[in-house]
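Written out below as structure tokens is the structure these notes cover.
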Amino acid sequence: MFSYLTDLSCARCGTRYPADVVQNVCTCGSPLLAQYDLARLAADSSPAVFAAREASLWRYHELLPVSRQENIVSLGEGMTPLFALPRLGGHLGLARLLMKDEGTIPTGSFKARGAAVGVSRAAELGVRGIAMPTNGNAGAAWALYAARAGLRALIAMPEKAPAICRGEVAAAGAELYLLRGHIGDCGRLINAAVARRPDYQEVSTLREPYRLEGKKTMGLEIVEQLGWTMPDVIVCPTGGGVGIIGIHKALCELAELGWVSGRLPRLVAVQASGCAPIVKAFEAGARESSPWPDPCTIAFGINVPKALGDFLILDAIYRTKGCAVAVSDAELVAAQREIASSEGVLVCPEGAATVAAIRVLRERGEIAEDEVVVALNTGAGIKYPETLEADAPLLEPAGEIR
Ligand SMILES: Cc1ncc(COP(=O)(O)O)c(C=O)c1O
Ligand SMILES: [Zn+2]
């Protein structure tokens with residue numbers, strides 16, 4: 002069997018839905034989660050089979066929803082590097098600091114994973130067009146993968162989203178709208194538009210089940226890259242939460258398969274202090290978040306005032322004994338430079354926020370010196386030229402450099 006997908010279940014009320022037709026959310030309004038026949042997969046397979054497979058996220062096809070190999074829409078996504086950050090680790094007093102670097106993936110951000118799996122499955126189920134609100138990177142990724150699949154794409158993004166993402170969507174030939182508002186405002190307009198376009202599927206964050214499955218592969222890769230062991234801590238920049246929820250789902254599936262053992266890593270959600278609804282909820286011990294008024298941060302991907310899956314993010318944090326931390330824009334911009342100058346990795350502002358958060362957690366004594374800590378860099382720094390200021394002397398040709 003290529004995929005061990007069985008059906009979908011509501012993350013809140015548990016209602017089951019068939020997976021062989023297009024689905025969005027449960028009638029209760031909550032996200033649907035893909036379910037797999039893990040008992041059968043455990044009997045049929047083992048971690049050893051993965052080593053010989055191609056270096057893409059499709060190496061985990063049994064745990065992905067696409068039912069036939071020929072339906073895969075791919076640009077070569079996945080199996081991004083996991084490398085040590087020894088100098089930066091030294092600054093932070095951590096002997097085993099690692100980075101999972103999504104800056105090298107097609108379209109320049111980890112959104113490629115969700116788009117590859119989501120678009121492949123949508124096309125497999127007969128969808129003709131996809132529609133979504135986005136803070137930029139997801140729209141770029143979905144528009145490009147939709148082009149690859151021959152699907153139409155309708156994208157709405159805040160006018161303040163990074164200009165490059167706008168350009169990527171336009172180059173992909175998608176229908177693009179810019180909005181004077183935030184991603185939540187974009188979502189309302191897309192939702193209303195899809196009601197008038199029956200052959201389009203709304204693929205907003207967690208409003209269809211398969212983007213999460215693509216993001217899940219980051220968790221599978223981290224474990225495989227660590228020799229089928231788990232780190233102690235994984236630090237994720239968190240907006241809509243698909244990354245952290247997906248990684249948690251992957252780890253739970255691996256534990257159920259019996260392919261990993263021991264305690265799950267503590268999952269840390271990092272937000273910007275200008276938009277930190279999950280941090281606020283975590284500090285109050287709440288199970289859900291309240292909408293953040295006037296969200297504002299240069300780490301645009303995490304500028305999400307209220308996530309549909311907030312209860313799943315908080316659940317992932319509480320169950321793994323993790324936490325949620327906010328860092329200021331100044332701290333994350335400083336971290337971006339520090340990572341580039343000490344390790345040669347130019348990360349996106351969202352990715353830089355993880356390092357700023359690790360510093361806070363070290364100062365609070367919440368991460369020990371010898372723990373294996375994975376910082377998730379969710380995209381390429383070169384997608385954000387506006388965050389990279391360079392002060393340099395301007396010379397005349399007759400000038401001199403001493
Ligand atoms: C670069 C980057 N990092 C992080 C995020 C947050 O994604 P999520 O919270 O859904 O995992 C986004 C979302 O737009 C992003 O573009
Ligand atoms: Zn439900």
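Mapping to the working numbering: the sequence shown position 5 is 6, numbers consecutive. From the three backbone atoms N, C-alpha and C, an ideal C-beta is built for every residue, glycine too. Model, not experiment: these values are computed from the prediction.
*Terminal residues of the continuous alpha helix (DSSP H) containing Phe-312?*
Along the sequence shown, read from residue 1 onward, the residue named residue 312 stands at position 311. Taken as a continuous stretch (DSSP letters only), the alpha helix (DSSP H) holding Phe-312 covers 311-320.
*asked:* Are the CB atoms of Pro-394 and Thr-321 within a distance shorter than 8 Å?
replied: Translated into the one-based positions of the sequence shown, residue 321 becomes position 320. Translated into the one-based positions of the sequence shown, residue 394 becomes position 393. No, the pair does not count as a contact, with Cβ atoms beyond the cut-off.
*Verify whether the separation of the beta carbon atoms of Tyr-211 and Leu-155 is less than 8 Å.*
Counting from 1 along the sequence shown, the entry for residue 211 is found at position 210. Counting from 1 along the sequence shown, the entry for residue 155 is found at position 154. Going by C-beta atoms, Tyr-211 is not nearer than 8 Å to Leu-155.
*Tell me, please, which residues DSSP counts as bridged to Gln-202.*
By one-based count along the sequence shown, residue 202 stands at place 201. According to DSSP, which records beta bridges pairwise, Gln-202 is partnered with Ile-131.
*What does DSSP give as the partner residues of Tyr-178 in its beta bridges?*
Within the sequence shown, residue 178 is the residue found at index 177, counting from 1. DSSP lists Ala-157 as partners of Tyr-178.
*Quick one: give me the first and last residue of the alpha helix (DSSP H) that Ile-246 is part of.*
The residue you call residue 246 lines up with position 245 of the sequence shown. 243-258 is the span of the alpha helix (DSSP H), which, as asked, contains Ile-246.
*Please classify Val-50: is it buried, with 16 or more other beta-carbons within 10 angstroms of its beta-carbon, or exposed?*
To locate residue 50, count along the sequence shown from 1; it is residue 49. Exposed is the call here.
*Please confirm whether any heavy atom of ligand 2 lies closer than 7 Å to the CB of Cys-14.*
Position 13 of the sequence shown holds residue 14. Yes, the beta carbon of Cys-14 sits closer than 7 Å to at least one heavy atom of ligand 2.
*Sort Cys-237, Lys-217, Ser-291 and Glu-214 by Cα distance to Val-328 and report the nearest one.*
The residue labelled residue 328 in the question sits at position 327 within the sequence shown. Ranking Cys-237, Lys-217, Ser-291 and Glu-214 by Cα distance to Val-328 puts Cys-237 first.
*Any chance the CB of Pro-238 is under 7 Å from a heavy atom of ligand 1?*
As a working mapping, residue 238 is identified with position 237 in the sequence shown. Yes - ligand 1 has a heavy atom lying nearer than 7 Å to the Cβ of Pro-238.
*Buried versus exposed, by CB contacts within 10 Å (16 or more), Glu-209*: Here residue 209 is taken as the residue at index 208 of the sequence shown, counted from 1. Answer is buried; the Cβ neighbour count reaches 16.
*Starting from the Cα of Met-219, find the closest Cα among Arg-114, Ser-262 and Val-170 and give me that residue.*
Locating residue 219 in the sequence shown gives position 218, where the first residue counts as 1. Nearest of Arg-114, Ser-262 and Val-170 to Met-219, Cα basis: Arg-114.
_Quick check on the burial criterion: 16 or more other C-beta atoms within 10 angstroms. Buried or exposed for Gln-70?_
Translated into positions along the sequence shown, residue 70 becomes position 69. By the neighbour-count rule (16 or more Cβ atoms within 10 Å), Gln-70 is not buried but exposed.
_Opening and closing residue of the alpha helix (DSSP H) in which Met-2 lies_ = The residue given as residue 2 occupies position 1 in the sequence shown. First-last for Met-2: undefined, no H or E at that position.
*Please report the residue range of the beta strand (DSSP E) in which Pro-19 lies.*
Counted from its first residue, the sequence shown places residue 19 at position 18. Element bounds for Pro-19: 17-19.
*Spatial neighbours of Leu-227 within its chain, please: CB distance less than 6 Å, with the 5 preceding and 5 following residues excluded, ordered by chain position.*
Numbered from its first residue, the sequence shown carries residue 227 at position 226. Around Leu-227: no qualifying Cβ.
_Assuming the contact rule is C-beta atoms closer than 8 Å, Ala-123 and Leu-145 should be a hit. Round their C-beta distance to whole Å, please._
As a working mapping, residue 123 is identified with position 122 in the sequence shown. As a working mapping, residue 145 is identified with position 144 in the sequence shown. About 14 Å; that fails the 8 Å criterion.
*How do the stretch 369-389 and the stretch 345-358 stand: do at least 3 beta-carbon pairs fall below 8 Å, yes or no?*
yes
_Is Ser-110 near ligand 1 - that is, is its Cβ less than 7 Å away from at least one heavy atom of it?_
Working through the sequence shown from its first residue, we reach residue 110 at position 109. Checking the Cβ of Ser-110 against ligand 1 gives yes.
*Please report how far the alpha carbon of Gly-286 lies from the alpha carbon of Gly-137, in whole angstroms.*
Translated into positions along the sequence shown, residue 286 becomes position 285. Translated into positions along the sequence shown, residue 137 becomes position 136. If you take the alpha carbons of Gly-286 and Gly-137, they lie about 31 Å apart.
_Which of the three DSSP states is assigned to Gly-380 in this structure?_
Numbered from its first residue, the sequence shown carries residue 380 at position 379. In the structure shown, Gly-380 sits in a strand (DSSP, three-state: E or B).
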